[in-house]
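Below is one structure, written out as structure tokens, with a few remarks after it.
Protein chains: 2
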Amino acid sequence: MSLRMALLGLLTAKGPSNGYALTRDFAGSLSHVWAAQHSQVYPELARLSEAGLVTVEDEGPRGRKRYSVTDAGREELRHWLTEVEPSRTVRNEVALRAFLLPALGPEVAARLVRLEETFHRQRAEETGQLRDMLNAADRPGFGAYAAELGVRVSTAIAEWAEWAADQLEAEAADARTDQADGASDTDERMS
Amino acid sequence: MSLRMALLGLLTAKGPSNGYALTRDFAGSLSHVWAAQHSQVYPELARLSEAGLVTVEDEGPRGRKRYSVTDAGREELRHWLTEVEPSRTVRNEVALRAFLLPALGPEVAARLVRLEETFHRQRAEETGQLRDMLNAADRPGFGAYAAELGVRVSTAIAEWAEWAADQLEAEAADARTDQADGASDTDERMS
DNA sequence: GGATACATGTAATGAGTTACATGATTCC
DNA sequence: GGAATCATGTAACTCATTACATGTATCC
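Going line by line, the protein sequences match chains A and B. Counting in the working numbering, the first sequence runs from 911 upward without gaps. Counting in the working numbering, the second sequence runs from 911 upward without gaps.
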């Protein structure tokens, strides 16, 4: 359902477009929000068309199809946004890895988390630039709220990673001094 | 792959367990990290067992099977955490809805975003309590890092929602005064 | 004895990924 | 003429959801 709505939304936001361009949008400005490959986009556009939520305006150069939203499509999007309870199911690999971290020794874990920090600092930076571009554009609004959200979430993750790495390094230091003291309640964790 | 690793990780963290209990973990402490239903858990445990990454320790009361991780399973988890590049594909319905917000009028959008704020403030609160419980437990570590991440991310989303709602309400107020002034470049957005 | 929680599975369907396949235009 | 990009599709497979199906122990 979400992909369907993403497509309706993109076509509402940008006006008529084709599958190829929409796929690029998923790889670009939408990439921190929703992912989709062309192999998913084309069939879904066909289904939307069959359902009367979009229409093929015309066929251009290399078999290119310009889709645009119909009134029914706009209504469907509005309905989904306002009436349908958001799905809150989370499936976040970064968080899963965070959960599993203690299965590793604190030193290895700290190193991994530092990498995570770098990645998310960078993502926050990039998304911030995107947001600034969107705000400067002629038609802000679309994408700008999502970009702001992206910046805030990436920053929060980066800060968590920094905190976690500090914790883990302290833990590693403790373990070392304990060992030096000959205190040996043997550590069962994997190294 | 992630579900597989989540199961290996849970069994590493908690020691031997059965499919029913593991499914409850996904609904509980793991619910803000990774989702899985029992219909996914049981077959995956069977596959893990066949691959020699877990073993059935014994069969209890109502056909209950106690699984525990093997050395091969522990090594597989370690390998995945340290050597396999994390998948960064994002599919976040909250963010998608944020992206699509401007397809609605600012007043309706503001109302929706306020609901979002409430939800995430609550989630942050709950996850914070979970984190405190985990930190007080005899074997902290597992889950505690993920819970801290959850608190920070939920808080960031709640703050974004507050900010966005303020923005949208200001926009709505602007639109009203414009209209009162008779300035009518007609608004094409859906209400 | 009846309700509830424990416990495990399968089947059908839908969503998403990767790989295969093809062809047209444009840029150099 | 060759490479890159534009453009659209399908097929096989994996992952995930919802619904179906069944039976056991425990609590009251």
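Using N, Cα and C, we set each Cβ at its ideal position, and we do this for glycine too. These numbers were taken from a predicted model, which means no experiment stands behind them.
Where do the ends of the beta strand (DSSP E) carrying E995(A) lie?
-> Counting from one through the first sequence, the residue named residue 995(A) turns up at place 85. Where E995(A) is concerned, there is no enclosing beta strand (DSSP E), given that its DSSP letter is neither H nor E.
For the segment 1035-1099 of chain B, list the alpha helix (DSSP H) runs that are entirely contained and at least 4 residues long, ordered along the chain.
-> List check, alpha helix (DSSP H) in window: 1054-1090.
8 Å Cβ cutoff met for L1025(A) and L987(B) = To locate residue 1025(A), count along the first sequence from 1; it is residue 115. To locate residue 987(B), count along the second sequence from 1; it is residue 77. Not closer than 8 Å, so no.
Looking at the C-beta of H948(B), does it have a partner C-beta in chain A at a distance below 8 Å?
-> Along the second sequence, read from residue 1 onward, the residue named residue 948(B) stands at position 38. Chain A, which has no Cβ nearer than 8 Å to the Cβ of H948(B), makes this no.
Per-residue contacts from M915(B) into chain A (C-beta, under 8 Å) | On the second sequence, residue 915(B) is found 5 positions in, with the first residue counted as 1. The contacting residues are L1006 and L1010.
Under 8 Å between the Cβ atoms of P926(B) and R976(B)?
-> In the second sequence, the residue the question calls residue 926(B) occupies position 16. In the second sequence, the residue the question calls residue 976(B) occupies position 66. In this structure, P926(B) lies near R976(B), with their beta-carbon atoms less than 8 Å apart.
Going by alpha carbons, who is nearest to R914(B) out of G938(B), S941(B) and Y952(B)?
-> Locating residue 914(B) in the second sequence gives position 4, where the first residue counts as 1. Nearest option by C-alpha distance: Y952(B).
Roughly how many whole angstroms lie between the Cα atoms of S1064(B) and A1046(A)?
-> As a position in the second sequence, residue 1064(B) is number 154, starting the count at 1. As a position in the first sequence, residue 1046(A) is number 136, starting the count at 1. The alpha-carbon atoms of S1064(B) and A1046(A) are separated by roughly 28 Å.
Check each candidate in E1027(B), Q947(B), E954(B) and K924(B) and name the one with the smallest Cα separation from M911(B).
-> Stepping through the second sequence from its first residue, residue 911(B) is reached at position 1. Ranking the options by Cα distance to M911(B), first place goes to E954(B).
Count the other CB atoms within 10 Å of the CB of A982(B); is the residue buried (16 or more) or exposed (fewer)?
-> Start at 1 with the first residue of the second sequence, and residue 982(B) comes out as number 72. Burial call: exposed.
Reduced DSSP secondary structure (H/G/I, E/B, other) of L1014(B) = If you number the second sequence from 1, residue 1014(B) lands on position 104. L1014(B): strand per DSSP, three-state reduction.
When you compare only the Cα positions, how much space is there between G1038(A) and L958(A)?
-> Your numbering for residue 1038(A) matches position 128 in the first sequence. Your numbering for residue 958(A) matches position 48 in the first sequence. In a straight line, the C-alpha of G1038(A) is about 33 Å away from that of L958(A).
Name the residues in the segment 935-961 of chain B whose C-beta lies less than 8 Å from a C-beta of chain A; which are they?
-> Of all residues in the segment 935-961 of chain B, the ones placed with a Cβ closer than 8 Å to any Cβ belonging to chain A are L940, S941, H942, V943, W944 and A945, in chain order.
For P1016(B), which residues of its own chain have a beta-carbon under 6 Å away from its beta-carbon, when the five flanking residues on both sides are left out?
-> Working through the second sequence from its first residue, we reach residue 1016(B) at position 106. Sequence-distant partners of P1016(B) (beyond 5 residues in either direction) whose C-beta falls short of 6 Å from its own C-beta, in its chain, are L1078, E1081 and A1082.
Should the segment 963-979 of chain B be called in touch with the segment 927-935 of chain B, which here means at least 3 C-beta pairs below 8 Å?
-> These segments touch.
Compute the Euclidean distance between the alpha carbons of A1054(A) and I1067(B), then round it to the nearest angstrom.
-> Walking along the first sequence from the start, residue 1054(A) turns up at place 144. Walking along the second sequence from the start, residue 1067(B) turns up at place 157. Cα to Cα, the separation comes out at about 15 Å.
Buried versus exposed call for E967(B) [16 or more other C-beta atoms within 10 Å across all chains shown] = As a position in the second sequence, residue 967(B) is number 57, starting the count at 1. The Cβ neighbour count for E967(B), taken over all protein chains shown within 10 Å, is under 16; the residue is labelled exposed.
Of all Cβ atoms in chain B, is any one closer than 8 Å to the Cβ of S978(A)?
-> Within the first sequence, the letter at position 68 stands for residue 978(A). S978(A) is outside the set of residues whose beta carbon lies under 8 Å from a beta carbon in chain B.
Using the beta-carbon of each residue, which ones in chain A are nearer than 7 Å to S997(B)?
-> Locating residue 997(B) in the second sequence gives position 87, counting from the first residue. Within chain A, the residues near S997(B) are E1003.
Give the residues from the segment 1064-1076 of chain B that approach chain A closer than 8 Å (Cβ to any Cβ), ordered along the chain.
-> Listed in sequence order: T1065, A1066, I1067, E1069, W1070, W1073 and A1074.
Taking only runs of the beta strand (DSSP E) that begin and end inside the segment 921-987 of chain B, which ones reach a length of at least 3 residues, in chain order?
-> If we require 3 residues or more, the beta strand (DSSP E) runs fully inside the segment 921-987 of chain B come out as 964-969 and 975-979.
To which residues does DSSP link R1001(A) through a beta bridge?
-> Within the first sequence, the letter at position 91 stands for residue 1001(A). In the DSSP output, where bridge partners are listed per residue, R1001(A) has W944(B).
Do you know whose CA, among E1072(A), L1006(A) and D1091(A), lies nearest D935(B)'s CA?
-> Reading the second sequence from its first residue, position 25 is the one you call residue 935(B). Closest by alpha carbon: L1006(A).
Three-state class that DSSP yields for M911(A) in the structure shown | On the first sequence, residue 911(A) is found 1 positions in, with the first residue counted as 1. Three-state result, M911(A): coil.
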